[in-house]
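*Asks:* Take this structure first; my questions come after.
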Amino acid sequence: MAEAPQQPALAGHGFQHNVEVDTDSADSGIGSDITSIQSGSLSSSIYGYKYENGRRYHAYRDGAYLMPNDAEEQDRLDRHHHIFRLALNGALHRAPLRPDIKRVLDIGTGTGIWAIDFADEWPDADVFGVDLSPIQPDWLPANCKFYIDDIESPWTWLPSEAFDYIHGRGMGGSVASWPQLYSRIYENLKPGGWVEMQEYEAWISSDDDPELIKAPNTKQWQELIDEASQRFGKRMNVAGRQREWIEEAGFEEVRGDVVKIPIGRWAKNPKLKEVGRYQREHMISCVEAFTLAPLTRVLGWSVEEAQVLMAGVRNEFKDPKLHLLTIFHFVYGRKPL
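In the working numbering, each residue's number is its place in the sequence shown (first place is 1) plus 6.
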């Protein structure tokens, strides 16, 4: 049975500490069960995907989410899962879960990789994942099940179906009202149950260049994405407010870990160097996914204009001299008994 994880592997190199640069580095650059909460079965409309600028987007609640759901995006999400696990020394969660938990919910489950891994590690728990897109695999652990639905719609779980643990990850840009979401999470947890949100800041930073003077494309890019996501009504850069919202919802024993993840292999610490290698590839692959719909749909940019900006951002992500960082937040709290 899985146990509560120890201190995150990279926590000692977290927000309070600058990441030490490696000056010696020469680096450059089971069964299938996918159902709908509302209807109990998938309808063909869920697969009526929208294609735009060479990327595929979800059909269910068309336009509710700006990120694609195609094979390229699924690969990115699975790669990001690996980065989150590296940051937590292989663990899936930070909340100190009881060994006898029975019901677990993963909101915004994406490819379902977290839910599947959790179901494998906790075989006595029933694990449920919810997402707008039916992009989960066909073969699942017997104790894992997926629903296609919008987490911003009213939740229909019965009181007898309350959860011991509700998990979310990388939800920035998909939620219009975080206080409402946490209210629903609170209502659907058992007394003593835990909520955990693992979120990264949609804002690149650097210890030795906080204003990103040396990375002007990245600076412009993230400012535009922040503007577009706010206009859209679902801001991406919300990681820093998760603790505040969880506390306001009434949870107690709220804790949070903040970890800096380098973009590239420039850090001196071996663990940071390893995770930075994966994060560089992840960030390069996410540029298009994060950019096309926000800039073209919301801000009115042409695809050609967006492509020029994206090329500049990718080049900066590949430059180890810039010492760029992403900041991850792991926040969790308990519903009072």
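C-beta: ideal position from N, C-alpha, C; glycine also.
What is the DSSP secondary structure of residue 326, counted as helix, strand or coil?
*Replies:* Helix, per DSSP.
*Asks:* My understanding is that residue 169 touches residue 151, with C-beta atoms under 8 Å, so please give their C-beta distance in whole angstroms.
*Replies:* Not confirmed; about 13 Å, so no contact.
*Asks:* Please go through the stretch 96-165 and give each complete beta strand (DSSP E) segment of 3 or more residues, from N-terminal end onward.
*Replies:* List check, beta strand (DSSP E) in window: 109-113, 132-137, 150-154.
*Asks:* Can you check whether the CB of residue 266 is closer than 7 Å to the CB of residue 218?
*Replies:* The answer is no: Cβ separation not under 7 Å.
*Asks:* What distance in whole Å lies between the Cβ atoms of residue 181 and residue 155, which are believed to be in contact at a cut-off of 8 Å?
*Replies:* Not confirmed; about 14 Å, so no contact.
*Asks:* Just to confirm the assignment: which complete alpha helix (DSSP H) runs, minimum length 4, are found wholly within the stretch 277-326?
*Replies:* Whole alpha helix (DSSP H) segments, 4+ residues: 309-323.
*Asks:* For residue 325, collect the residues of the same chain with a Cβ closer than 6 Å to its Cβ; drop the 5 residues on either side in sequence, then sort them by chain order.
*Replies:* Cβ within range, chain order: n/a, list empty.
*Asks:* Using only the alpha-carbon positions, how far apart do residue 269 and residue 287 sit?
*Replies:* Near 8 Å, if we compare the C-alpha coordinates of residue 287 and residue 269.
*Asks:* Rounded to whole angstroms, what is the Cα-Cα separation between residue 2 and residue 239?
*Replies:* Within the shown structure, residues of the chain are numbered from 7 to 343, placing residue 2 beyond reach of any answer.
*Asks:* By the DSSP assignment, the beta strand (DSSP E) with residue 268 in it spans what residues?
*Replies:* Note, residue 268: beta strand (DSSP E), 258-268.
*Asks:* Going by C-alpha to C-alpha distance, which of 173, 337, 164 sits closest to residue 125?
*Replies:* Minimum Cα distance to residue 125 is reached at 173.
*Asks:* From what residue to what residue does the beta strand (DSSP E) around residue 92 run?
*Replies:* Not the beta strand (DSSP E): residue 92 falls in the alpha helix (DSSP H), residues 77-93.
*Asks:* In whole angstroms, what is the alpha-carbon distance linking residue 76 and residue 146?
*Replies:* Rounded to whole angstroms, residue 76 to residue 146 spans 20 Å at the Cα level.
*Asks:* Using a Cβ-Cβ cut-off of 7 Å (strictly less than) and excluding sequence neighbours within five positions of residue 25, which residues of its own chain qualify?
*Replies:* Excluding sequence neighbours, residue 25 sits near 19, 213, 266, 268, 273, 278, 331.
*Asks:* Please classify residue 233: does DSSP put it in a helix, a strand, or coil?
*Replies:* Residue state, collapsed to three classes: helix.
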